[in-house]
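Down below is the structure, laid out as C-alpha cells.
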Amino acid sequence: MKIEIPNQSYKYITENSLECGVDTAFVSTTQNQKYLQNAKDNNAHSIINIKEVASLFGLDKIKIIGITGTNGKTTTASAIYSFLLDLGYKVAMQGTRGFFMNDEVVEGKSLTTPSVLNTYKHIYQAVDAGCEFFIMEVSSHAIVQKRVEGIDFELKILTNITQDHLDYHKTLGEYISVKNSFFADEGKKLINKDEDKASFNIKNTFTYGIENPATYKLIAYSLNDASSGIIQHFSKIVPFTSSLHGFFNLYNLMAAIGAVDILTDKGLDAVVEVVDNFAGVSGRMEQVCELPNVIVDFAHTPDGMQQVLNALREKELLVVFGAGGDRDKTKRPLMGRVAASLAKKVYITSDNPRNEDPQTIVDDILEGISDRSMVSVELNRKKAIEMALDDQEENEVVVILGKGDEAYQIIYDKKLPFDDREVVRELLHL
35 MKIEIPNQSY
45 KYITENSLEC
55 GVDTAFVSTT
65 QNQKYLQNAK
75 DNNAHSIINI
85 KEVASLFGLD
95 KIKIIGITGT
105 NGKTTTASAI
115 YSFLLDLGYK
125 VAMQGTRGFF
135 MNDEVVEGKS
145 LTTPSVLNTY
155 KHIYQAVDAG
165 CEFFIMEVSS
175 HAIVQKRVEG
185 IDFELKILTN
195 ITQDHLDYHK
205 TLGEYISVKN
215 SFFADEGKKL
225 INKDEDKASF
235 NIKNTFTYGI
245 ENPATYKLIA
255 YSLNDASSGI
265 IQHFSKIVPF
275 TSSLHGFFNL
285 YNLMAAIGAV
295 DILTDKGLDA
305 VVEVVDNFAG
315 VSGRMEQVCE
325 LPNVIVDFAH
335 TPDGMQQVLN
345 ALREKELLVV
355 FGAGGDRDKT
365 KRPLMGRVAA
375 SLAKKVYITS
385 DNPRNEDPQT
395 IVDDILEGIS
405 DRSMVSVELN
415 RKKAIEMALD
425 DQEENEVVVI
435 LGKGDEAYQI
445 IYDKKLPFDD
455 REVVRELLHL
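Under the numbering used here, the first residue of the sequence shown is numbered 35, with each subsequent residue one higher.
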C-alpha cells in the first residue's frame, strides 16, 4: 500500500520494501526492520521513522481510544462510537467489522488491528474529515508485533482477560502478560475492576465494575426484556436502559458509558440518555428469527460461550458450534464442556477448519464432554444447523456460535461463501 503525501520531497510512503522507488520513501517500523536493506536495494527515496509519519498525519489532532481484551472489544468500541455520534461529535472507528467514519462504512472487514501504516492512514483520513475521536480495537497480536507503535492514546480500555490465541502466545501466562503490557504507561486507562487477571499502572486509572468498588459502579441492574441499570460515579447516581441482552453486555455498556464520560464534558446524565439508541452489533447476540427463536453469536472462546449461554439460561438451548482450525487447541475441550453443561442438546460441526481435519477438531471438542448422549456430530455446518432447527420445539432456542456476522467459511486457504444467518433464513424460508 502506497500513500500519496503532498508537500514533501517524496511523492509516496510505503511500509512494503517491494513498493519502494525513487519517488517513494520507506516507513521503518518494528515489524519491517528486516526489509530495510531490501528497501534500499529498490532505490527507496529515503527511510523515515513511523514517528515522523505520526507528525505528518496529524495524530496529535485527534483523540485516540484503544480497546483490548479477550471478549467485548467490538461491542464496546461500537457502543462508544454510537454514543459519541449521538452526542454530536464526529467520530471514526477501526476494528474487526472494518473502518467507519461519521456513521458511514469506509472499508469492509479486516484484521482486528491492521498494519501500523494502515492504521495511521485511517487516522489521517479521520483527521482530514474533521473527526474529534478515533476508536480502535487492539488485539494481543498487535501489541506483541508493535502494530500500535507511535500512537499516543487518549484512553486505553480493558474489557476482560480469558483464554484465547494460545496457538500464538503458547501459554495463558504469556497472553495475560501481553494484554496487561498495554496498560503499563501513565496515560489514562479504564479497567474492568472485576477482572482479577488485570495488572496496570495505577496512575491515571479509572475503573468500572459490578462486583467490586469502582469509579463507575453498577449498583443495580435488571435483565428482564433487554437490560437496565443504575450507575454510581462518586456521589452521582444515574439510571440507563438498553436493548442489549446478557449480563456480559452490562460490562460492555459500563466500559462505553465510563469512556464517553471521561472523554467528553457532556456529563453522565447526557451520556446515559443516548445508551438506548445503540442497537448492538450484527452477529453479536443477533436474533435472526423470533418464531422459532434463533440466535447467532460470534462467541468462539470458552468464556465467550459461557457468557452468551448464561444470558439465555432461562430457555432450553440447542447449541450449534465448532472450533477454528490452526488455532489454540487447548480451548476446544473447554468449549465442549461449557456447551454440554448449559445446553439441552449440542450439535458439533465445522467452524473455519482451515488446514486441519474437521473430524480431528471435533474429537478435541468431544474430549471435554463426558455424557455424549445429548451430542450430535455433523461436519457439514449447514446440515448441523438444519438438524437443530428440525429438532427445535416450542420455547426452545437454537443458538449458533462461532462465526457471528462472518460471510464465509475458511476451508484450507479458500474463503467460501457461508453466513449462518442467511443459512437460517434459507432453511426457514424467511
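We put the CB at the ideal spot given by N, CA and C, even for glycine.
Taking C-beta separations shorter than 8 Å and ignoring five residues to either side along the sequence, the partners of Thr58 in its chain run Lys36, Tyr44, Lys45, Tyr46, Ile47, Thr48, Ala78 and His79, following chain order. The DSSP assignment places complete alpha helix (DSSP H) segments of no fewer than 4 residues inside the region 395 to 460 at 415 to 425, in order along the chain.
In the three-state scheme derived from DSSP, where H, G and I count as helix and E and B as strand, Phe355 is classed as strand. In this structure, Phe452 is the residue among Phe452, Ile395 and Tyr446 with its C-alpha nearest to the C-alpha of Lys417.
Nearest neighbour of Phe167 by Cα position, chosen from Val272, Ser112 and Cys323, turns out to be Ser112. Distance from Leu413 to Ala377 at the Cβ level is roughly 19 Å; contact not present, criterion being Cβ atoms closer than 8 Å. According to the DSSP secondary-structure assignment, Arg388 is paired through a beta bridge with Ile445. Relative to Leu52, the option among Glu38, Thr64 and Leu70 whose CA is nearest is Leu70. Under DSSP, Asn327 forms a beta bridge with Val431. Look at Asn72 here: in three-state DSSP terms it is helix. By the CB criterion at 8 Å, Lys107 and Thr239 fall outside the cutoff.
Within its own chain, the residues whose Cβ lies closer than 6 Å to the Cβ of Glu245, once the five positions on either side in sequence are excluded, are Asp228, listed in chain order. Counting along the chain, Phe60 sits inside no alpha helix (DSSP H); it lies in the beta strand (DSSP E) bounded by residues Thr58 to Ser62. Look at Gln321 here: in three-state DSSP terms it is strand.
Of the residues assessed, Pro273 falls on the exposed side of the cut-off, its CB having fewer than 16 other CB atoms within 10 angstroms. Cβ-Cβ separation between Val322 and Arg415: approximately 15 Å, too far for a contact (criterion under 8 Å). By the criterion of at least three beta-carbon pairs nearer than 8 Å, the region 260 to 271 is not in contact with the region 219 to 228.
Looking from the CA of Arg181, the closest CA among Val56, Met288, Lys85 and Gln42 belongs to Lys85.
Per the coordinates, the alpha-carbon of Asp219 lies some 37 Å from the alpha-carbon of Pro367.
In the three-state DSSP reduction, Gly243 falls in the strand class (E or B).
Within its own chain, the residues whose Cβ lies closer than 7 Å to the Cβ of Gly132, once the five positions on either side in sequence are excluded, are Val139, Glu141, Gly142, Lys143 and Ser144, listed in chain order.
Our two residues, Gln179 and Ser116, have alpha carbons roughly 29 Å apart in a direct line.
Ranked by Cα distance from Ile157, the options Lys97, Gly370, Ala313 and Ser174 are led by Lys97.
Straight-line spacing of the CA atoms in Ala293 and Ile191 works out to 8 Å. Residues of the same chain with a CB within less than 6 Å of the CB of Ala163, apart from the 5 flanking positions on each side, are Met135 in chain order.
Rounded to whole angstroms, the gap between the alpha carbons of Lys95 and Asn76 is 34 Å.
The way I'd put it, the region 382 to 399 does touch the region 439 to 447; three or more beta-carbon pairs between them come closer than 8 Å.
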